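Notes for the one structure printed next.
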Amino acid sequence: MTKTTLLHPTRRGLLMAGGAGLLTAALPGHVGAQAAPIKIGFQLHRTGIGASYGRWYERTAQAALKAINDGGGIAGRPVEILFEDDATDPKRGSEVVDKLTQSDGCDVVMGTLFSHVVIGSAPRAAELKVPYLVCSEGYHVASGMLNRWTLQPGITDVRSQIQAMAPWIAANLGKKVTMVFPDFAFGHDHRDFFTAKMAEMGGEVIAQIAIPPTETSFTRYFPQIPAETEVLYHVMVGPAVLTFVKELGEFYGTGAKPQIFGFIDSLEAVDTATPGLEFLEGTHFWEAHNRVKPADAGEHEAAYRAAVGVDDNGASVSDAADVSTYSHMFSTWETLFFLKQAMEASGYSGPTDRQKLVEAMEAISDLPYGVERPQGAKVFNGKTHQVFGTQNISQVQGGKLVRVHQTTMEDGAYADAVDYTTMSF
Amino acid sequence: MIFVLAVLEGEGWLEKGEFLTVLFGLIAKVAPLWLEITGPRARLMRGWPGTQVLQMAPLTPSAVVFVSLALAVLTFDGLMETFWWQALIGQNPLEPVGRSAVMVQNTVGLVAVWVTTLGLILGAILLGRRVGGGFATGPVMLSFLAIAAGYHAAHYLVMLLTAGQYTIAALNDPLFTGESWLGLPPFYVSFGFLTDPRMMPLIYAAQFAAILGAHLLAVVLGLKLAGQSRRAVAHLPLTVLMVGYTVLGLWLLSTARSG
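The listed protein sequences derive, respectively, from chains L and C. Note that this note's numbering has the first sequence beginning at 1062, numbered continuously upward. Note that this note's numbering has the second sequence beginning at 347, numbered continuously upward.
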């Protein structure tokens, strides 16, 4: 007699299971065959270094998708998003753009955060002539490094963010700044853009302390901080951030210390009330979108938080310890609404209208505050393919980030470095 | 492919040719519960972890190599995320270039770890045999099944707790129609426990217990499976290797990692 268990199936059993699988696979096609939807390919960092961002990007995009479909879709057509993992890998990213466009028939591709994946994928998007809307903050779009098909309409770039901080820091925290940053491109952007803008504001960066990225302890670097430092500007990122803050606290102890300013990138998805971060009390952070709902938040803030499932502290409604990447994830929401606006303006009907769609995006300028843009009003620069907006400075008070200042659009403005509209498609 | 080969090759193929079936079939031998199937009857058995291992036939040379690969894969999967490895292959752990760019380095690393693992295990067994007799490779190698099981549990615990949520969500609503096949209410995949200072020590403790428990079990099994030795010192090489391996496993779980 033949043994028949899960590990010892018969041929007939296998054939039947396979047949059932084929039937199941045929089901979705039948269910979704009512209308021709607009298909948006989402290049998602579901695994790899960007996974914690990717999870919130997906959740926010899903919420925006629901809001758009509940409101009648795009030009009356339903909208679908196809999420595809790129493993935060540029080579895989390029393949994902290819797959979403060629195999899955997506109308556009969007959603990429990490710069190296954007830079690795954008050339393929241009070859395929598919609009590629990134949510990355990188200056690589506005610097002219990419192409006509790549746009960043949902989030300001890091150059704009950094320089928008300088006027307030010089006026309120101090003019003599020491910078502590990781010694690679991300840190160098901060070093270069902030140092230049600070000089313009009458301040001075008196020391630049570059820390090797593989460093896991920082105590030996702190003696390099000049005693006359008024402001310590730090942008450490990665697994060692908690150690950095803890050791900084041990270095200064309870004695006099400079004002401290950081970028929330250091602590995205991390609770500021985490034990070990007590030293951050009273220090300041840049935030694109205030994690803790400000008392004077805009009228659409509550609806946005409810749609994404985030509470007033910026954590998941189902888990107070699950802190979101609040200063970045709004970009997926705003990008989807930007896409809706451009598709409707251009009368987009299918992939043959892709060029027309990019031209319609380039023609968009004023983007007022509304449910489409919960982070705030923005201005899109069609020439540089980059959106501009306002930034926030928050102070840690009682373990929570409390907004103390909002920059103006002008604080983050800089001269155009490129005019993509003069380039061919 | 598995399906096609199973149809073509018949019932026995999965057990011999499908690596996951082989791997989990071997690891499952450590379980305290198992089914004994004789004819149409299935009996649920229970016993101390490793009871089944003691009743197994000695591992064949190819199974010895396979078990060492299973161990090496887990070790390297942990190792490749460490800052130590990233520094070795000249990568910035805060600005990783992605998996594709390091495929060659990581493949070489994996093979090197495999060769090292196999070499050290066989070396320790051989040394034990030289010193005191006994220590046949096939039987002694069975004790490493306990380590493979413990490493699996420790290594994939966090993945089970995170990716497992996606699996439940997908099973609950496999066609994305908003239905609830498992009868679960809509829920968000939640990773807050990863930054919870009360939860993380518990997770680390569970991983610690899995690795330490597995090694202790392996030592006990090793003692029983090594056969008659003239001198107790024959166990020293394998014991030293086990202690070193335990330390390595715990270091991998606790060191600075990316990804």
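Even for Gly, the Cβ is constructed at its ideal location relative to N, Cα and C. Being a predicted model, the structure only gives us computed values, none of them experimental.
Annotation: the continuous beta strand (DSSP E) that includes L/Tyr1294 extends over Val1292 to His1295.
Taking 8 Å as the upper bound on Cβ-Cβ separation, chain C lies near residues Pro1243, Phe1245 and Ala1246 of the segment 1214 to 1246 of chain L. When Cβ-Cβ separations below 8 Å define contact, C/Gly538 makes contact with chain L. Per DSSP, C/Glu382 is one residue of the beta strand (DSSP E) stretching across Leu379 to Thr384.
DSSP places L/Ser1204 in the coil class of the three-state scheme, outside both helix and strand.
Per DSSP, reduced to three states, the secondary structure at L/Tyr1193 is strand. Of the residues assessed, L/Phe1324 falls on the buried side of the cut-off, its CB having 16 or more other CB atoms within 10 angstroms. Runs of the alpha helix (DSSP H) lying entirely within the segment 455 to 488 of chain C and spanning at least 4 residues, in chain order: 483 to 487.
Contact between L/Thr1335 and L/Val1457 does not hold, since their C-beta atoms are separated by about 11 Å, which reaches or exceeds 8 Å.
Put simply, of L/Ala1257, L/Ile1230 and L/Glu1276 the residue whose alpha carbon is nearest the alpha carbon of L/Leu1293 is L/Ile1230. Counting the other Cβ atoms within 10 Å of the Cβ of L/Asp1427 gives fewer than 16, which makes it exposed. In this structure, DSSP gives L/Glu1265 an extended state, which the three-state scheme calls strand.
Residues of the same chain with a CB within less than 7 Å of the CB of L/Phe1449, apart from the 5 flanking positions on each side, are Thr1217, Ser1221, Lys1439, Val1440, Asn1442, Met1470, Gly1473 and Ala1474 in chain order. Cβ proximity to chain C below 9 Å picks out Gly1370, Ala1376, Ser1377, Val1378, Ser1379, Asp1380, Ala1381 and Ala1382 from the segment 1362 to 1382 of chain L. By the neighbour-count definition (other C-beta atoms within 10 Å, threshold 16), C/Leu530 is an exposed residue. Contact of C/Ser446 with chain L by beta-carbon distance below 7 Å involves Asp1150, Lys1152 and Arg1153.
Runs of the beta strand (DSSP E) lying entirely within the segment 1272 to 1357 of chain L and spanning at least 3 residues, in chain order: 1292 to 1295, 1320 to 1324 and 1345 to 1348. Under the Cβ criterion of 8 Å, L/His1177 is counted among the residues facing chain C. C/Val411 is positioned such that its CB atom lies closer than 8 Å to that of C/Leu464. Non-local beta-carbon contacts of C/Ala602 in its own chain, meaning distances under 6 Å to residues more than five positions away in sequence, involve Phe429 in chain order.
For L/Gln1436, the number of other beta carbons within 10 angstroms of its own is at least 16, and it is reported as buried.
Chain-order list of chain C residues neighbouring L/Pro1336: Pro543, by C-beta distance under 7 Å. A contact is defined here as three or more CB-CB pairs under 8 Å, and the segment 432 to 451 of chain C fails this definition with respect to the segment 517 to 525 of chain C.
Residues of the segment 1272 to 1299 of chain L with a C-beta atom less than 7 Å from some C-beta of chain C are Pro1274, Thr1275, Thr1277, Val1298 and Gly1299, listed in chain order.
Residue contact check for C/Leu468 against chain L: no CB pair falls below 8 Å. With respect to the C-alpha of C/Gly573, the residue from C/Ile373, C/Gly474 and C/Phe370 having the closest C-alpha is C/Gly474. By the rule that beta-carbons nearer than 8 Å mark a contact, C/Ala602 touches chain L. At a cut-off of 8 Å, the C-beta of C/Phe481 has no neighbouring C-beta in chain L. For L/Asp1383, the uninterrupted beta strand (DSSP E) segment begins and ends at Asp1380 to Val1384. Distance from the CA of C/Ser489 to the CA of C/Ala403, rounded to the nearest whole angstrom, comes to 12 Å. For L/His1466, the three-state secondary structure derived from DSSP is strand. Close CB contacts of L/Thr1468 within its chain, under the 6 Å cut and outside five residues either way in sequence, are with Ala1225, Thr1451 and Gln1452 (chain order). C/Phe365 sits in a helix when the DSSP states are folded into three classes.
Here C/Arg389 is exposed, its C-beta having fewer than 16 other C-beta atoms within 10 Å. Interface annotation, L/Gly1359: not in contact with chain C, CB-CB separation never under 8 Å. Counting along the chain, L/Asn1442 sits inside the beta strand (DSSP E) bounded by residues Lys1439 to Asn1442.
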